[in-house]
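**Q**
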Amino acid sequence: HLKMGFFGYLFLIGIDFLIKRKKIENKRSFAFSRLLTSLLVPWIIFIIWYLAPAIIGLPLSFGWELAWAMIVVFITGILASIIDENTEKLKFNLSVKIIIIGLALISIFIFILFSFGDGPWVDVFTLHEH
Numbered sequence: 005h006l007k008m009g010f011f012g013y014l015f016l017i018g019i020d021f022l023i024k025r026k027k028i029e030n031k032r033s034f035a036f037s038r039l040l041t042s043l044l045v046p047w048i049i050f051i052i053w054y055l056a057p058a059i060i061g062l063p064l065s066f067g068w069e070l071a072w073a074m075i076v077v078f079i080t081g082i083l084a085s086i087i088d089e090n091t092e093k094l095k096f097n098l099s100v101k102i103i104i105i106g107l108a109l110i111s112i113f114i115f116i117l118f119s120f121g122d123g124p125w126v127d128v129f130t131l132h133e134h
């Protein structure tokens, strides 16, 4: 789900650019603000998604899980658009641009690798035994 959020948001960035390209004052700030937000989207999804198990404590039924997933996507989209609008006003220096590009490339690598191969040996909420 996190990779779908990441790649879906990258796709949305492309559409957003095509729609707004003539009105964008600083295309580089636009691009880096959107790329930064695409790095945050999986973590926003992760944080919001785990609110349900944290509060409810029990697994959700299929219907409730589907409804919760749609709510998470909606909330993530709103938060991401707010982050986009605010970070687009920033001037990113070279070191921040390198960090954003590097993290984006690592994210792409990890999401593709774990989509077609075995997942990581460490789960987020389970203890790893040697």
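The sequence shown finishes on residue 134 if you use the numbering used here, and the numbering steps up by one all the way, no holes.
Each residue gets a CB set at the ideal place from its N, CA and C atoms; glycine is no exception.
Just to confirm, are residue 101 and residue 34 a CB contact at a threshold of 8 Å?
**A** By one-based count along the sequence shown, residue 101 stands at place 97. By one-based count along the sequence shown, residue 34 stands at place 30. Not a contact, by the Cβ cut-off of 8 Å.
**Q** Residues in the same chain with beta-carbon distance under 6 Å from residue 41, minus the five sequence neighbours each way, listed in chain order, please.
**A** Reading the sequence shown from its first residue, position 37 is the one you call residue 41. Within the same chain, 84, 87 and 88 come within 6 Å of residue 41 by CB-CB distance, once the 5 residues on both sides are set aside.
**Q** Considering Cα atoms alone, identify which of 81, 55, 70 and 43 is closest to residue 114.
**A** For the purposes of this step, residue 114 is taken as residue 110 along the sequence shown, with counting starting at 1. With distances taken between Cα atoms, residue 114 lies closest to 43.
**Q** Under 7 Å Cβ to Cβ from residue 48, same chain only, skipping five residues before and after it: list those, please.
**A** Within the sequence shown, the letter at position 44 stands for residue 48. Closer than 7 Å at the Cβ level, and outside the excluded window around residue 48, lie 80, 83 and 84.
**Q** At 4 residues or longer, and completely inside the segment 52 to 109: list those alpha helix (DSSP H) runs for me, N to C.
**A** 55 to 60 and 66 to 91
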